[in-house]
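Each remark here refers to the structure printed beneath this line.
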Amino acid sequence: MRRESREEEEKEVQREKMSRKESGEEMRNQINAKRRTESREEEEKEIRMEKVSRKESKEEERIKKNAKKRTKSREEEEKEIRMEKMSRKESKEEARIKKNAKKMRKSREDEETWMESRKETGEEERANSNDREESKRRSPKSPKEGIITQKRSREDDSAADENESKKHHADSPELPDPLAISNYQFHSELGEGTFGKVFLATLRNKKQNVAIKVIKKTSKISCVKIKTESNVLRIAKENPYLCQGFAAFQSQSHSFLIMEFASGGSLWDQIAKYQRLEMSRVLFYSAEIACGLDFLHDRGIIHR
């Protein structure tokens, strides 16, 4: 009996151990399952956060891209506004130059009219003088008296002409010497080339705008090039499609070329202003350029 009871106790102990072991294994399994669940949830959370961050970065990039586009469009608008202001300024300058040119033409026409009237008056005075001389010749006077009278009439006529000329010179302002750089008033710089700078200027007491190219004499080669350019400007006077040269002179250190002021700007300025030129304007400019180059080539001049 004791042996059986001991065996049963041992069996119960073993059962208890086994149950404890199974419960411990079950707890470990539960703990591991819980850990796996937590790790899976953390991974899913990280994935969600990564997706959100990617979405935010994409949104941020899109916002930056849109801001860049807006900035670019704003810059283009400002550029167009500046170009429009420049074109308006150029059109105003062109209108002012045309107005000045019209005034100059009118003053020149008035001067020519005055000269013609002066010429006609002189012819009438000479005719009256001849009539007086003829009548004196026919009158019964001694030859000596006739000679004296004729001499006096000529002296009177020359004195009257001299007084009239002095009066005209006193009324008209004296023009400054166009071959002295101190007689020019500089306004602004138009551009800079390989050999010098070009300035907008006017001769004092005159309203006509001119372009003055100021070239520094640095060597014999530069002096030769200056002389060549001066000769080309002198030859270009014969062609209406080339920039006209008015005068050329020099100082000890610089040379000065007085040229026609082209207020319309360069061909690039026209393209920048209108973006796309009309076919009629393209044909017109091309014909002018071709005529100018043909004129230069006929005289052995190559335009680079």
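Residue numbering for the sequence shown follows the UniProt record's numbering, beginning at 1 and increasing consecutively. We put the CB at the ideal spot given by N, CA and C, even for glycine.
Residue state for residue 245 is assigned as strand, using DSSP reduced to three classes. Note: residue 65 is not bridge-paired with any residue in the DSSP secondary-structure output. If you ignore the 5 residues before and after residue 272, its C-beta comes within less than 8 Å of the C-beta of 83, all in its own chain and listed in chain order.
The beta-bridge partner set that DSSP reports for residue 196 consists of 215.
Distance from the CA atom of residue 235 to the CA atom of residue 179, rounded to whole angstroms, is 19 Å.
Residue pairing by DSSP puts residue 184 in a beta bridge opposite 203.
Within the DSSP secondary-structure output, residue 250 pairs in a beta bridge with 255.
Taking the Cα positions, residue 14 is about 10 Å away from residue 8.
The continuous alpha helix (DSSP H) containing residue 270 extends over residues 267-274. Cα atoms of residue 70 and residue 81: separation of roughly 16 Å, rounded to the nearest angstrom. Distance from residue 226 to residue 215 at the Cβ level is roughly 5 Å; contact confirmed, criterion being Cβ atoms closer than 8 Å.
Shown here, residue 190 sits in a strand according to DSSP, grouped into three states. Residue 200 places its beta carbon less than 8 Å from that of residue 261.
Residue burial is scored here from C-beta neighbours: residue 285 has fewer than 16 other C-beta atoms within 10 angstroms and is therefore classed as exposed. Secondary structure at residue 209: strand, using DSSP grouped into helix, strand and coil. Taking 8 Å as the upper bound for CB-CB distance, residue 181 and residue 251 are in contact here, some 7 Å apart.
Taking C-beta separations shorter than 6 Å and ignoring five residues to either side along the sequence, the partners of residue 295 in its chain run 239, following chain order. Taking 8 Å as the upper bound for CB-CB distance, residue 210 and residue 249 are not in contact here, some 13 Å apart. Shown here, residue 260 sits in a strand according to DSSP, grouped into three states. The C-alpha of residue 219 is placed about 26 Å away from the C-alpha of residue 186. Counted as a single uninterrupted DSSP element, the alpha helix (DSSP H) harbouring residue 283 occupies residues 279-298. Taking a C-beta distance under 8 Å as the contact criterion, residue 263 and residue 97 qualify as a contact pair.
For residue 190, same chain residues with a beta-carbon under 7 Å away, outside a window of 5 residues either side, are 198, 199, 200 and 211 in chain order.
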